[in-house]
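Colleague:
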Amino acid sequence: MVVIGIVGKPNVGKSTFFKSVTLLPVKISNYPFTTVQPYIGTGYLVIECIEKQFGVKCNPRVGTCRRGKRFIPIEIIDIPGLVEEAHKGKGLGNKFLDVTKNADVLIDIIDIAGTTDKDGNPVPEGSYDPLEDFIWTENEIDTWIYYKIKQNLYRIYEKYKEDDKKISENLIRLLSSFKIQKNIILYVLNKFNNDIIGIIKDEDLLFKFSREIRRLGKPIVYAANKIDLYYGKVFYRKAIKEYKDKIIVPTSAFAEVGLRILDLEGKIDYIPGEDEIEVKVNDPQVEVFVDYVRETVLKEFRSTGVQDILNVAIFNVLNYIAVWPVANDNLTDTKGRVLPDVILMPKGSKVKDLAIKLHTELYEKFVLAKEIRSGRTLKKDDVLNHNDIIKIITKK
Ligand SMILES: Nc1nc2c(ncn2[C@@H]2O[C@H](COP(=O)(O)OP(=O)(O)OP(=O)(O)O)[C@@H](O)[C@H]2O)c(=O)[nH]1
Ligand SMILES: [Mg+2]
């Protein structure tokens with residue numbers, strides 16, 4: 014499954030974000046280090062289901078489909094807050110950064126309203142400038158990866174001395190265990206003239222190398238959270254001007270968690286990512302909350318941003334595509350379920366990658382595949398496209 018890691022300073026709304034996505038009952042409060050251990054849960058990407066295009070009703074094996082929106086499960090990790098110099102053991106988050114080894118992409122939650130100081134203590138709204146948080150949290154993560162690479166590379170160097178081929182092989186193995194793709198490692202090595210020995214012998218170069226590996230291999234997307242607050246909007250406008258190279262999505266995890274719970278309780282009708290909320294009960298408390306969300310978030314941003322950032326992280330930053338495997342031309346699997354699965358794959362994946370992912374037998378007995386929409390026949394090395402519907406034909 015695709016994995017998203019949530020990182021950031023204490024008290025910025027990481028657990029609120031996590032809860033809104035997973036609906037797990039994690040602890041949330043307005044003081045730092047509320048979370049003291051990592052949590053792992055399931056969240057969902059939401060995409061347009063292709064059922065409408067074919068005039069059928071889908072029958073998902075996992076996840077759901079609601080009003081034509083298909084929910085695809087992904088994994089989310091929430092960790093304790095990071096403080097500056099976490100890599101030296103300060104705070105709590107450092108101990109748990111290793112958990113994010115399994116993440117494909119990171120969401121750095123920023124308290125964009127400046128309601129928390131550098132260590133996550135509550136302060137009056139707007140009195141702390143959150144723009145610097147974009148920089149040092151990234152530095153902490155870069156430094157964490159740098160130390161991991163350094164420790165291991167020194168050990169590998171001790172063993173293989175000047176044998177750069179063996180060192181590179183071991184480096185690839187190490188970084189693969191960090192879920193960093195081989196083609197990215199090779200690309201970065203190439204950028205550094207494939208001089209792995211030179212990198213090992215020069216700390217500055219090693220840091221730059223590690224940073225580049227992190228930038229490409231474990232990209233960070235920023236959630237400008239607490240956007241519902243007045244200063245959230247002020248600092249958000251500053252942040253997008255200042256950091257044009259960063260992907261920043263305005264979010265209100267607070268709004269999203271409330272909306273999702275009310276929806277679950279049947280008090281409102283709300284589909285994550287949408288701006289239409291239908292209130293279904295006569296309850297002043299519900300109305301006050303929904304009005305607050307409409308006024309402070311939806312009016313300007315059209316969504317709470319929580320669903321958007323998950324989708325952006327996977328489809329725009331990681332460049333994944335969604336593929337629909339089926340067993341028959343009428344879009345069913347062998348049990349007659351319509352469009353039973355949606356599989357997320359990196360862009361550039363081939364038909365054989367899908368076959369391997371689905372079942373080794375599909376790969377071993379692969380004859381050819383058919384893309385149902387176009388009727389095209391595909392060979393195992395043909396590249397998949399977003400929303401392809403793939404039927405794999407095997408030998409008996
Ligand atoms: N106004 C507003 N408050 C929020 C939002 N998201 C979170 N909060 C509040 O921010 C405070 C901290 O939320 P948590 O989710 O516990 O923060 P955290 O980052 O997990 O904190 P630690 O676990 O201590 O690192 C709580 O009082 C939340 O209600 C938001 O979008 N808007
Ligand atoms: Mg927390």
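Residue 14 is where the sequence shown starts when you use my numbering, and the numbers rise one by one after that.
Yeah, the Cβ is synthetic: ideal placement off N, Cα and C, and Gly gets one too.
Any contact between the segment 212-229 and the segment 294-313? By contact I mean 3 or more CB pairs, one from each, below 8 angstroms.
Modeller: No: fewer than three Cβ pairs fall under 8 angstroms.
Colleague: Could you check whether the Cβ of L242 sits closer than 8 angstroms to any heavy atom belonging to ligand 1?
Modeller: For ligand 1, at least one heavy atom lies less than 8 angstroms from the Cβ of L242.
Colleague: So, at 6 angstroms on beta carbons, what are the nonlocal neighbours of A363 in its own chain, with the 5 sequence-adjacent residues on each side left out?
Modeller: First, the amino acid is wrong: residue 363 is Lys here, not Ala. Cβ within range, chain order: D394 and V396.
Colleague: Buried or exposed, going by whether 16 or more other CB atoms sit within 10 Å of the CB of Y283?
Modeller: Burial call: buried.
Colleague: Assuming S45 contacts V112 under a Cβ cut-off of 8 angstroms, what Cβ separation, rounded to an integer in Å, is found between them?
Modeller: Looking at the sequence provided, one finds Pro at residue 45 rather than Ser. Wrong, their Cβ atoms sit about 19 angstroms apart, outside the cutoff.
Colleague: With distances taken Cα to Cα, identify the nearest neighbour of T47 among G68, Q66, P23 and I327.
Modeller: Ranking G68, Q66, P23 and I327 by Cα distance to T47 puts P23 first.
Colleague: Grouping DSSP H, G and I as helix and E and B as strand, with all else coil, what is P143?
Modeller: If DSSP states are grouped into helix, strand and coil, P143 belongs with the helices.
Colleague: Comparing C-alpha positions only, which one of I406, F267 and V339 sits nearest to N43?
Modeller: Of the listed residues, the one whose Cα sits closest to N43 is F267.
Colleague: Let me check you understand the geometry: is the CB of A99 closer than 8 angstroms to at least one non-hydrogen atom of ligand 1?
Modeller: Result no, Cβ not under 8 angstroms from ligand 1.
Colleague: Under the DSSP definition of a beta bridge, which residues are partnered with W337?
Modeller: Paired residue(s): I402.
Colleague: Does the Cβ of V234 have 16 or more other Cβ atoms within 10 Å, making it buried, or fewer, making it exposed?
Modeller: It counts as buried.
Colleague: Judging by CA-CA distance, which residue of I122, Y333, N134 and Y376 is the nearest neighbour of I356?
Modeller: Ranking the options by Cα distance to I356, first place goes to Y333.
Colleague: So the alpha helix (DSSP H) A268 belongs to, where does it begin and stop?
Modeller: From DSSP, the alpha helix (DSSP H) with A268 extends over A266 to L277.
Colleague: How big is the Cα-Cα spacing for Y244 and V339?
Modeller: Y244 and V339: Cα-Cα distance of roughly 49 angstroms.
Colleague: Just to check, is the beta-carbon of S28 closer than 8 angstroms to a non-hydrogen atom of ligand 2?
Modeller: Checking every heavy atom of ligand 2 against the Cβ of S28, one is found closer than 8 angstroms.
Colleague: Could you give the DSSP three-state label for K321: helix, strand or coil?
Modeller: Sequence inspection shows Asp at residue 321; the Lys mentioned does not correspond to that position. It is helical.
Colleague: Among P359, S387 and T156, which has the Cα closest to the Cα of V118?
Modeller: Out of P359, S387 and T156, P359 has the C-alpha closest to the C-alpha of V118.
Colleague: Within its chain, find whatever has a CB closer than 6 angstroms to the CB of S316; leave out the 5 residues flanking it on each side and keep chain order.
Modeller: Excluding sequence neighbours, S316 sits near G286 and D288.
Colleague: On the DSSP bridge assignment, give the partners of E9 in chain order.
Modeller: Outside the shown range of the chain (14 to 409) lies residue 9, about which nothing can therefore be said.
Colleague: Just tell me which of I209, G318, D241 and V301 has its CA closest to the CA of K163.
Modeller: Per the Cα distances, I209.
Colleague: What residue does the beta strand (DSSP E) around Y235 start on, and which one ends it?
Modeller: It spans I233 to N238 - the beta strand (DSSP E) in which Y235 sits, taken as one unbroken run.
Colleague: Which class does E374 belong to by DSSP, given the choice of helix, strand or coil?
Modeller: In the structure shown, E374 sits in a helix (DSSP, three-state: H, G or I).
Colleague: According to DSSP, is K32 helix, strand or coil?
Modeller: Helix, per DSSP.
Colleague: Confirm, please, whether the CB-CB distance from D241 to T347 is below 9 angstroms.
Modeller: Taking 9 angstroms as the Cβ cut-off, T347 and D241 do not qualify as a contacting pair.
Colleague: For the segment 88-96 against the segment 48-68, do three or more pairs of beta-carbon atoms, one drawn from each stretch, fall closer than 8 angstroms, so that the two count as touching?
Modeller: The segment 88-96 is in contact with the segment 48-68.
Colleague: Say yes only if the C-beta of Y120 is nearer than 8 angstroms to one or more non-hydrogen atoms of ligand 2, and no if none qualify.
Modeller: Here residue 120 turns out to be Ile, not Tyr, going by the sequence shown. It does not: the Cβ of I120 is nowhere closer than 8 angstroms to a heavy atom of ligand 2.
Colleague: Where does K32 land, buried or exposed, given buried means 16+ other C-beta within 10 angstroms?
Modeller: K32 is buried by the Cβ-count criterion.
Colleague: Using a Cβ-Cβ cut-off of 9 angstroms, state whether K114 counts as contacting chain C.
Modeller: The chain inventory of the structure shown lacks chain C, comprising one protein chain alone.
Colleague: Shortest alpha-carbon distance to S189 belongs to which of E175, K231 and Y249?
Modeller: Of E175, K231 and Y249, the residue nearest in Cα terms is K231.
Colleague: Quick check: does the Cβ of I53 come within less than 8 angstroms of any heavy atom belonging to ligand 1?
Modeller: No, since every heavy atom of ligand 1 falls outside the 8 angstroms radius drawn around the Cβ of I53.
Colleague: Compute the minimum distance between the beta carbon of N238 and the heavy atoms of ligand 1, and state whether it is under 8 angstroms.
Modeller: Yes, ligand 1 has a heavy atom inside 8 angstroms of this Cβ.
Colleague: Need the endpoints of the beta strand (DSSP E) that D130 sits in, please.
Modeller: Neither: D130 is in no beta strand (DSSP E) and is coded neither H nor E.
Colleague: As a quick exercise: from V69, F109, H399 and I158, pick the residue whose alpha carbon is nearest that of L187.
Modeller: Checking every option, the nearest Cα to that of L187 belongs to I158.
Colleague: What three-state label does DSSP hand K27 in the structure shown?
Modeller: Correct three-state label for K27: helix.
Colleague: To the nearest whole angstrom, what separates the beta carbons of V292 and I274, a pair I think is in contact under 8 angstroms?
Modeller: Incorrect: roughly 14 angstroms between the Cβ atoms, too far for contact.
Colleague: If we call anything under 9 angstroms between Cβ atoms a contact, is E216 one with E153?
Modeller: Against a cut-off of 9 angstroms, the Cβ pair of E153 and E216 comes out as no contact.
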